[in-house]
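K.L.:
Residue numbers (the UniProt record's numbering): 1 to 126.
Structure below; questions to follow.
Quick look at the structure:
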């Protein structure tokens, strides 16, 4: 079995990665992630879940395969701070908190990590 010759780059794998079927698979996986994200994310106004969209394009290190992106929080000022957390000088009602003599009182908002939960659920279901 030492005489097997596998060409580099492998044309068969390249055709599979660039096929329309692979594009459909990537879109289906990304759409499933979008639906899971919309089910997990906080729904106070519903705008964060509604902002989720899927994009499928040719990319990768050598632009040799289909890539899908799940984009969330696009156009919303609080999208990134919801996902990754932030420090705030406001209280729970949105009012600025009083400053101490040395420094303002800071309150940390924990990250929701909804995208991390979505990826974990996709791994578990595959």
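We treat Cβ as the ideally placed atom computed from N, Cα and C, and that holds for glycine.
According to DSSP, residue 86 sits in a beta bridge with which residue or residues?
P.N.:
Its beta-bridge partners are 109.
K.L.:
Out of 63, 67, 84 and 125, state which residue places its alpha-carbon closest to the alpha-carbon of residue 73.
P.N.:
When each option's Cα is compared against that of residue 73, the closest is 84.
K.L.:
Confirm, please, whether the CB-CB distance from residue 12 to residue 70 is below 8 Å.
P.N.:
Not a contact, by the Cβ cut-off of 8 Å.
K.L.:
Would you mind listing the beta strand (DSSP E) stretches within the region 11-94 that are 3+ residues and don't spill past its ends, in chain order?
P.N.:
Taking only runs of at least 3 residues, the beta strand (DSSP E) segments lying wholly in the region 11-94 are 53-59, 65-71 and 86-88.
K.L.:
Got a sec, what are the start and stop residues for the alpha helix (DSSP H) residue 3 sits in?
P.N.:
Taken as a continuous stretch (DSSP letters only), residue 3 belongs to no alpha helix (DSSP H), as it is neither H nor E.
K.L.:
Kindly indicate which residue of 53, 125, 87 and 123 has the alpha-carbon position closest to the one of residue 110.
P.N.:
Cα-wise, what sits closest to residue 110 is 87.
K.L.:
Can you name the start and end residues of the alpha helix (DSSP H) that residue 126 belongs to?
P.N.:
Taken as a continuous stretch (DSSP letters only), residue 126 belongs to no alpha helix (DSSP H), as it is neither H nor E.
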